[in-house]
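Heads up, the sequence shown is in my numbering, so the first residue is 82 and it goes up one at a time.
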Amino acid sequence: MRSRSNSGVRLDGYARLVQQTILCYQNPVTGLLSASHDQKDAWVRDNIYSILAVWGLGMAYRKNADRDEDKAKAYELEQNVVKLMRGLLQCMMRQVDKVEKFKHTQSTKDSLHAKYNTATCSTVVGDDQWGHLQDYGMWERGDKTNQGIPELNASSVGMAKAALEAIDELDLFGAHGGRKSVIHVLPDEVEHCQSILFSMLPRASTSKEIDAGLLSIISFPAFAVEDVNLVNVTKNEIISKLQGRYGCCRFLRDGYKTPREVDPHRLHYDPAELKLFENIECEWPVFWTYLIIDGIFSGDAVQVQEYREALEGILIRGKDGIHLVPELYAIPPDKVDEEYKNPHTVDRIPLGKLPHLWGQSLYILGSLLAEGFLATGEIDPLNRRFSTSVKPDVVVQVAVLAENSHIKGLLQQHGINVQSIADVHPIQVQPGRILSHIYAKLGRNKNMKLGGRPYRHIGFTDQHHFYLALDNEMIVEMLRIELAYLCTCWRMTGRPTLTFPVTHTMLTSDGSDIHPAVLSTIRKLEDGYFGGARVKLGNLAEFLTTSFYTYLTFLDPDCDEKLFDDVSDGSFSPDSESDLGGYLENSSHPESQDELDQYINHLLQSTSLKCYLPPLCKKSEDSHVFSAVHSTRDILSVMAKAKVFPMVLPTKVLSGHRKSLNLVDSPQPLLKKTPEYDYQGPSWDTNLFGQHGVTVHSLLSELYGKAGLNQEWSLIRYISGLLRKKVEILAEACADLLSHQKQLTVGLPPEPREKTISAPLPPEELIKLIYEASGQDISIAVLTQEIVVYLAMYVRAQPSLFAEMLRLRIGLIIQVMATELARSLNCSGEEASESLMNLSPFDMKNLLHHILSGKEFGVERSVRPIHSSTSSPAISIHEVGHTGVTKTERSGITRLRSEMKQRSSTPSSPTGTSSTDSGGHHMGWGEQQGQWLRRRRLDGAINRVPVGFYQRVWNILQKCHGLSIDGYVLPSSTTQEMTPCEIKFADHVESVLNRVSQPEYRQLLVEAIMVLTLLSDTEMENIGGIIHVDQIVQLANQLFLQDQVSFGATDILEKDQATGICHFFYDSAPSGAYGTMTYLTKAVASYLQELLPSSGCQMQ
82 MRSRSNSGVR LDGYARLVQQ TILCYQNPVT GLLSASHDQK DAWVRDNIYS
132 ILAVWGLGMA YRKNADRDED KAKAYELEQN VVKLMRGLLQ CMMRQVDKVE
182 KFKHTQSTKD SLHAKYNTAT CSTVVGDDQW GHLQDYGMWE RGDKTNQGIP
232 ELNASSVGMA KAALEAIDEL DLFGAHGGRK SVIHVLPDEV EHCQSILFSM
282 LPRASTSKEI DAGLLSIISF PAFAVEDVNL VNVTKNEIIS KLQGRYGCCR
332 FLRDGYKTPR EVDPHRLHYD PAELKLFENI ECEWPVFWTY LIIDGIFSGD
382 AVQVQEYREA LEGILIRGKD GIHLVPELYA IPPDKVDEEY KNPHTVDRIP
432 LGKLPHLWGQ SLYILGSLLA EGFLATGEID PLNRRFSTSV KPDVVVQVAV
482 LAENSHIKGL LQQHGINVQS IADVHPIQVQ PGRILSHIYA KLGRNKNMKL
532 GGRPYRHIGF TDQHHFYLAL DNEMIVEMLR IELAYLCTCW RMTGRPTLTF
582 PVTHTMLTSD GSDIHPAVLS TIRKLEDGYF GGARVKLGNL AEFLTTSFYT
632 YLTFLDPDCD EKLFDDVSDG SFSPDSESDL GGYLENSSHP ESQDELDQYI
682 NHLLQSTSLK CYLPPLCKKS EDSHVFSAVH STRDILSVMA KAKVFPMVLP
732 TKVLSGHRKS LNLVDSPQPL LKKTPEYDYQ GPSWDTNLFG QHGVTVHSLL
782 SELYGKAGLN QEWSLIRYIS GLLRKKVEIL AEACADLLSH QKQLTVGLPP
832 EPREKTISAP LPPEELIKLI YEASGQDISI AVLTQEIVVY LAMYVRAQPS
882 LFAEMLRLRI GLIIQVMATE LARSLNCSGE EASESLMNLS PFDMKNLLHH
932 ILSGKEFGVE RSVRPIHSST SSPAISIHEV GHTGVTKTER SGITRLRSEM
982 KQRSSTPSSP TGTSSTDSGG HHMGWGEQQG QWLRRRRLDG AINRVPVGFY
1032 QRVWNILQKC HGLSIDGYVL PSSTTQEMTP CEIKFADHVE SVLNRVSQPE
1082 YRQLLVEAIM VLTLLSDTEM ENIGGIIHVD QIVQLANQLF LQDQVSFGAT
1132 DILEKDQATG ICHFFYDSAP SGAYGTMTYL TKAVASYLQE LLPSSGCQMQ
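Written as structure tokens, this is what we have:
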């Protein structure tokens, strides 16, 4: 018999350690691990981590086998792992009904449980009880007050991202599997998680500014973060803020098992209690095991040695001298005051579970790695450790296809040679919505009563669902965004291929040529770069060998389930191209179609529109009842004569009803549903032209399409509202913004009319909320959806636009848009509101971008082309420089002082002053007037605050009893619960600031608070009771008025009726001798004069 090698002896030692500390808790039937001898429940998280050591030891035995017994032991250990994983799967399968419910409710009560009965795999607590939710983050407790408030946790998102990437294209049965056992994951879902992580880290959640649990996603096992700088920043934050002498705290103000935890059996904390836990949080050794493994993966031998030595010093010696990792180390009750005074000096005592199975497992796994029994690649078989490696540049392959031979000929006239959709046969090209329907079949299982994947939008916005795709310039813009998005997030093997079909809707109004925006885009694609993305233009056949493929095996003919019930329903019906909405030249004969082909045709038919109204053709030579120029107007006339509904639609062609729309002066509900539509209902059969089944809904749907051809955007938006059309991606767009820690409000202030969206909502509930907040005003409700989609596009593509913004108030943004149009076009509020509703989607998005960017922009009337049939006014939006926005301009004290002197010397004629803008153009006072008022109004509407604003507010609250803003108090007690960098605290501040309905006044209040926060840097411990910020602003305004009166400027000092603030004060730059900050500083000094030191600033 061969003697054991030294490695074999050491492995046997680890085997005994694993058996005595981990496997002794494993149930022989279910394979689940109980938390301890006292706690018999099996936590999913603990089970996964605890079994890692068993898995690693099994591989080490197989790799270093001295004898056949070693191979047998390796197999036994591996089977222990398999048994546990099957037990967890059994637990999940027992809750299959919850999976189906959660798709629709997204309710915490329908979430899978996080702990189970070790012996039976059944749940152990109710759906509304503590201790079961998977989506509560690593600690399964939600908000750190532990009151059951769910919040988005970066640790959960990171694990979900890693799991999605790991499981994509995985055959559950391995080499013995088939087409039915392959898992499919949409890449968009992975990238969505990545985007969330990028926006959150190093912050852990709304209530936790940092969490040591993030170690699990920036390093082993998830390796979910791809930005190496973000990994390092997060790691340094954890070490600097959470590390102690015995491990790391979980998060700041964690009260678990601390001496100040009044009642350990009480599950929640009172908000004011959290301050008691500061500096005495328990320290967990488990996080040093993460840092040991992290050092091994990163090749940092010093880090590994330091943390191994530190960990060895705090391990508990158990029976027979085995090393045990305790759950945590706590401050002795009699040493609390000493620790408060001198943090990290008191010797701590071990508490909690011994061993802590999760920490014990990672300790053993780290030891196996450090001693060479395992290589990093063996515990990371998917090579996730290379996630931060530099990726090669992505080249997006673009195939431009003509919808038909006519469009192909038009493109050839411009020297652009492309294939038509018929030319690429047998390759099929279908609209993105078809893939959305097909993917909804994924995961259906009748035996388990699973309904498949929830329907999700894929591809560009479809004009059949919302009007954004009716605007060719918008289509081009979306193409640019999608290409840039693909270049930044593509991770698959093979190049991404994007098909861009040029359809009949992309022609000019008379149908004689390709739209200029589309032509220009194709030219740019030919150059190889478009919107910063590298592209390669070519034919689909050329891309076959270099493209990435996904095999939708769940649609194979041998699958148990038919794609649709009646095969005859999938047969092809001859309809016009424009009605069907698909690409018909690509279709084959029905008898040669397989089931998938028939299903696609069935989908095209079921999502198409039937034509009841006279046809509309863009070709001017065609003779139809209605020409392109007057088609919309005359069709409306026909419908009116048929008494479908009274024609009080929002277009100048029809009536002056739009005069009631005024978003600028006194926003009121804009448009109501028409009486007949309300009374008869959308399903009312009009019997138009003697045709049965011609409902109001079908007529409006057709009118919607024809209005789209004429680009009547106000009419399109109104009909879209009547039809209750919604953006397919609305709920996803809303979730995108929320996951980037941006809350939304819809409707105009104040509450309760303005409604806050702080958590994802099901699509129907979201639409209902938007209409309620809009006062059932159709146009505002539709425009709100549009703005939400644009904001989501920008937060994904240009997250820097949203710096220092927490809450996006859609109602105020819409109001400011109309105000800007009224100012720039020098028109009434009604005309400005009409112009806003008539903006094309592209121009609307452009206007929003200018508002978000903080750059100065101009709006001008322009002339439409002669051939255009659109009756709405043409408007051009353009950038005019950075005046009043850049740091240089904000510090232009000399110029501001000279302007103020000129204003005071000639108050009745302020136009005599002139200066130069950032572009070198000569500007008169009249052109500059209103710039700072506009800037404050814009920043107030989008809730932009200075960098570090919320942390400064937290500091000032430490020195007073609270801040009063517009009658609402932000109490100092909030600092007892929340730390300075918590989003929860920032949200609390915003909830008070948002009580102010006027955005420009809100910004003055923000400026006043910034002046106040300067006092937090002084040695003053207390600056009084409740500070009334409104009074400071009013006092600053009075000081400003006194100076103006002393200069003789009495006839131009008009005040805002709502707030009493002088318009010139609103319009003053922050800096300079006559800037707002100067007067606010004087006002603060006057307000707090009795509390300021005698050597402090004196009033000048």
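No residue lacks a Cβ here, since even glycine has one placed at the ideal position from N, Cα and C.
For P431, the residue or residues it bridges with in DSSP
Y410
Proximity winner among I132, D93, L92 and R143, relative to L104 (alpha-carbon distances)
I132
In the DSSP assignment, the alpha helix (DSSP H) including D375 goes from what residue to what residue?
V367 to S379
Bounding residues of the alpha helix (DSSP H) (the contiguous stretch that carries R1033)
F1030 to L1038
Cutoff 7 Å; reference H349; Cβ partners in own chain excluding five residues on either side
T226, N227 and Q228
Since L165 contacts N128 with CB under 8 Å, what's their CB separation in whole angstroms?
Contact holds; Cβ gap of about 6 Å.
So the beta strand (DSSP E) P1052 belongs to, where does it begin and stop?
Per DSSP, P1052 belongs to the beta strand (DSSP E) from Y1049 to P1052.
Over what stretch of residues does the beta strand (DSSP E) that includes V479 continue unbroken?
V476 to A483
Where does T713 fall in DSSP's three states?
Low confidence applies here, because T713 scores a pLDDT of 47, under 50, leaving its location unreliable and the question unanswered by this model.
Would C202 and Q160 be called neighbours here (beta carbons separated by less than 9 Å)?
At a Cβ-Cβ threshold of 9 Å, C202 and Q160 do not count as neighbours.
Rounded to whole angstroms, what's the CA-CA distance from I562 to C568? Just pull it up for me.
10 Å
Tell whether a beta-carbon distance below 9 Å holds between V1110 and L1095.
Going by C-beta atoms, V1110 is not nearer than 9 Å to L1095.
With H, G and I counted as helix, E and B as strand and the rest as coil, what does DSSP make of T339?
coil
From this set, A598, Q478, S517 and P577, which residue's C-alpha is nearest I616's C-alpha?
The amino acid occupying residue 616 in the given sequence is Val; Ile does not appear at that position. The candidate whose alpha carbon is nearest that of V616 is Q478.
With distances taken Cα to Cα, identify the nearest neighbour of E359 among E1088, T1162 and M1059.
Its Cα nearest to that of E359, the residue M1059 stands out among E1088, T1162 and M1059.
Quick one: complete alpha helix (DSSP H) runs, 4+ long, within the region 799-857?
811-820 and 844-854
Any idea what DSSP makes of I103, helix, strand or coil?
Reduced to three states, the DSSP call for I103 is coil.
So the candidates are Q386, E558 and T631; which of them puts its Cα closest to the Cα of G575?
With distances taken between Cα atoms, G575 lies closest to T631.
Below 9 Å between beta carbons: does that hold for V271 and S468?
no
Quick check on DSSP: helix, strand or coil for H1069?
Reduced to three states, the DSSP call for H1069 is helix.
Given 8 Å, three or more beta-carbon pairs between the region 1113-1124 and the region 1044-1057:
no
Distance, A788 Cα to A1089 Cα:
49 Å
DSSP has M886 in a bridge; who is on the other side?
R1025
Quick check on DSSP: helix, strand or coil for F332?
strand
Tell me the rounded alpha-carbon separation between Q1010 and L847.
When rounded, the distance between both Cα atoms is 41 Å.
contact_flag[the region 822-832, the region 1068-1084] where n(CB pairs < 8 Å) is 3 or more:
The region 822-832 makes contact with the region 1068-1084: 3 or more CB pairs, one atom from each, lie closer than 8 Å.
DSSP has G939 in a bridge; who is on the other side?
H959
Please classify K190 as buried or exposed, where buried requires at least 16 neighbouring CB atoms within 10 angstroms.
By the neighbour-count rule (16 or more Cβ atoms within 10 Å), K190 is not buried but exposed.
Where does E970 fall in DSSP's three states?
The predicted model places E970 with a pLDDT of 37, which falls under 50 and marks its position as unreliable; any figure quoted below should be read in that light. Helix.
Should T1099 go down as buried or exposed, given a rule of 16 or more other Cβ atoms within 10 Å for buried?
exposed
For F254, does the three-state DSSP call read helix, strand or coil?
coil
By a C-beta neighbour count over all protein chains shown, 10 Å radius and 16 as the cutoff for buried, is V471 buried or exposed?
exposed
For A1067, count neighbouring C-beta atoms within 10 Å of its own C-beta (all shown protein chains included) and say buried if the count is 16 or more, exposed if not.
Label assigned to A1067: buried.
So does the region 444-459 actually touch the region 131-147, counting three or more Cβ pairs closer than 8 Å?
yes
Specify the secondary structure class of C1143 as computed by DSSP and reduced to three states.
strand
Sub-9 Å separation of R1017 and Y1147 beta-carbons
Yes, the Cβ-Cβ distance between R1017 and Y1147 is below 9 Å.
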